[in-house]
Each structure stands twice: as C-alpha cells, then as structure tokens.
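Those protein sequences? They're chains A and B, same order as listed.
Every number in the working numbering is 879 more than the matching position in the first sequence, counting from 1.
Note that the working numbering numbers the second sequence so that position 48 is 32, with each residue one more than the last.
Cβ atoms here follow ideal geometry from the backbone N, Cα and C, with glycine treated the same way.
To start, the structure under review is shown below, and the notes come after it.
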Amino acid sequence: MKNKLMYYMVTVGAALLTFVAFATSVSACVFGMYQPEEPKCLRQ
Amino acid sequence: MYLMERVSNSISKKISETLQYDKENQAVIAYGLYILIQTAWSVLLTLFISILINVLYEVIIFSSAAVSLRRYSGGAHASSPNRCAIIGAVVFNIISLGLNRFLFHANIITTAIFFAICFILVYYIVYRYAPVDSPNKPIKNPEFKKILRRKAFYIISMFLIISLSFMAIYYINHNQKLLYTVICISSGLMWQALTLFYPGKFIICLLDKLLIGITHLRR
Chain A
880 MKNKLMYYMV TVGAALLTFV AFATSVSACV FGMYQPEEPK CLRQ
Chain B
-15 MYLMERVSNS ISKKISETLQ YDKENQAVIA YGLYILIQTA WSVLLTLFIS
35 ILINVLYEVI IFSSAAVSLR RYSGGAHASS PNRCAIIGAV VFNIISLGLN
85 RFLFHANIIT TAIFFAICFI LVYYIVYRYA PVDSPNKPIK NPEFKKILRR
135 KAFYIISMFL IISLSFMAIY YINHNQKLLY TVICISSGLM WQALTLFYPG
185 KFIICLLDKL LIGITHLRR
C-alpha cells in the first residue's frame, strides 16, 4: 500500500516536472537570470 | 557542476529508475527540477530581502511584470544559478527601494508621464531586440522567434490595459496605491526591456563579474 502510494506520488511528480520543462522549452528563457542547458530532445 | 544541478540530476535519476524511464525522459525531468529549484531559490531570496527592507509590495508587482515579459522576450543572463539569484534579488530590491523613496507619492501627472515614457520605450525595445536567446537555449527557428515576439507584445498590452484601468479607477476613488502600482508595473517592464540590449546587459555583466571577483577573493 505504502509502495503504491509512493509510486503514484513519483508519477505525479514526474508529470509535473515534465510539464515545467516543456513549458520552459516553449518560452525564450527561464524566469531567473540563469539559463541551464536545455536537453537536446526539447530543442526540436 | 553546480550543487543545484547535482541535486536535480540525482533526484531525476531516482525517479527514472522507479518509473523505468529512458535517458531522454530523465534529462527532461532533471531540467524541470533544476528550473523549479532555481526559481524557488531566487524568489525566496528576493522576497526575504524585500521583507527586511520593507519593500515587499513593490518587489511583488515589479518582479511579476518583469518576469512575465522575460518569459517571451528573453534577456541577459548571469553565469551561475547563485549569481542569478543574488543579482535578481539585489536589482529588484534596489529599484523597488528607489521607487518607494522617490515615487511613492507621485501624482497623476507624474505617473501618466512616467507610464507613457516607459511603455513607449518598452514597445520599441521589444520590437527591436526581442527575443534575446542564450548559448544554453539558442532560438534558431525564425517562426518561433516571431511567436515569442508576438507573445511579448501580448504581455505588454495586458499590462498596458491593467495600468490604464488603474489610472481610470484612481479618478473614482483617489487611491494613491493604484498610481504607485502603475509606476511599479511600468518600471518592471522597463527594467526587463533594458536587459534585452546594452544597458541592462552591462549592469548584469558588471554585477556578475563583481560576484566572481568576490568568490575568488574568498578562496
């Protein structure tokens, strides 16, 4: 039960982080003044 | 490799192992996490200093305007995430402090002139220079550049409408805070526009070099 809950939390977290990455990839840069290197798969 | 990068890489590796993701997905998650950590750190540092010097309201309005435009216009960048957070916190708080000291009691005429000058310049600078990319996220596609510039114009226009509405409401209730908010919005957009070309880039580069110098001195 605990493992299942953990798995769901990780899945939701991964989805959220993927959304943040994609949302940033369709903008000119990140909010802050430092731009980390964008993964190659997001550049396309 | 910076600490934030190491932390986000290590967490994304664990997530990818749990969900059996490939390397590409892992890199995307690490990128998302890095952005999240960096943004949280920058926001917390900026807000913390603003509370200390009592300019929280100005900083929230100023940075909201600047950051909204930055997403589509791009701009100058610092050379590390920590320097980015420090420069952002210093610049946002110093400008907010200046606004608080000199323009808090600005009347409608001063506000209207300030607002008009800022918006005309912002429209021109964005038209002329946006979007500004960086080596870590180059923008090569001309169609994408057009889309970003158009979105930057939407953002400026949205703030233009908000500012005009505030000035119109001021005539009804004479709330000084409305005029002050217009000044903060105009300044935020103006600062962001300046980072698209020489003046803003120079200031950020100068602060960046200064912080690099301080780091080397400490070693």
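Proximal residues to residue -12 of chain B (C-beta, below 7 Å), its chain only, five neighbours per side dropped = Against the second sequence, residue -12 of chain B aligns to sequence position 4. Counting only Cβ-Cβ distances below 7 Å, and skipping sequence neighbours, we find 18, 21, 22, 65.
Is there contact between the segment 52 to 66 of chain B and the segment 184 to 192 of chain B, where contact requires at least three CB pairs shorter than 8 Å?
-> Contact holds: three or more Cβ-Cβ distances are below 8 Å.
Does the segment 111 to 130 of chain B come within contact of the segment 68 to 84 of chain B, defined as at least 3 CB pairs closer than 8 Å?
-> The segment 111 to 130 of chain B is not in contact with the segment 68 to 84 of chain B.
7 Å Cβ cutoff met for residue 896 of chain A and residue 13 of chain B | Working through the first sequence from its first residue, we reach residue 896 of chain A at position 17. Working through the second sequence from its first residue, we reach residue 13 of chain B at position 29. With a cutoff of 7 Å on beta-carbon distance, residue 896 of chain A and residue 13 of chain B are scored as near each other.
Proximal residues of chain A, C-beta to C-beta of residue 68 of chain B below 8 Å = Taking the first residue of the second sequence as position 1, residue 68 of chain B is located at position 84. Near residue 68 of chain B (Cβ distances below 8 Å), the residues of chain A are 911, 912, 913.
Could you tell me which residues DSSP pairs with residue 172 of chain B in its beta bridges?
-> As a first step, residue 172 of chain B is located in the second sequence; it is residue number 188 there, counting from the start. BP columns for residue 172 of chain B are empty, so no partner.
Based on the DSSP output, what are the partners of residue 58 of chain B in its beta bridges?
-> The count along the second sequence starts at 1 and reaches residue 58 of chain B at position 74. As a beta-bridge residue in DSSP terms, residue 58 of chain B pairs with B/116.
For residue 121 of chain B, three-class secondary structure by DSSP = Residue numbering aside, residue 121 of chain B sits at position 137 when the second sequence is read from its first letter. Note: residue 121 of chain B maps to strand in three-state DSSP.
Report the option in B/184, B/137, B/76 whose CA atom is closest to the CA atom of residue 39 of chain B.
-> Looking up residue 39 of chain B in the second sequence gives position 55. The option with the nearest alpha carbon to residue 39 of chain B is B/76.
In three-state DSSP terms, what is residue 200 of chain B?
-> Along the second sequence, read from residue 1 onward, the residue named residue 200 of chain B stands at position 216. If DSSP states are grouped into helix, strand and coil, residue 200 of chain B belongs with the helices.
Which of the residues in the segment -4 to 12 of chain B, read from start to end, lie with their CB under 7 Å from any CB of chain A?
-> Cβ contacts with chain A: -1, 2, 3, 8, 11, 12.
Quick one: give me the first and last residue of the alpha helix (DSSP H) that residue -4 of chain B is part of.
-> Against the second sequence, residue -4 of chain B aligns to sequence position 12. Residue -4 of chain B -> alpha helix (DSSP H) spans -13 to 3.
Find out if the Cβ-Cβ distance for the pair residue 95 of chain B, residue 163 of chain B is shorter than 7 Å.
-> Position 111 of the second sequence, counted from the start, is the residue given in the question as residue 95 of chain B. Position 179 of the second sequence, counted from the start, is the residue given in the question as residue 163 of chain B. Contact flag set, yes.
Residue 95 of chain B, DSSP secondary structure in three states = One-based indexing of the second sequence puts residue 95 of chain B at position 111. Helix.
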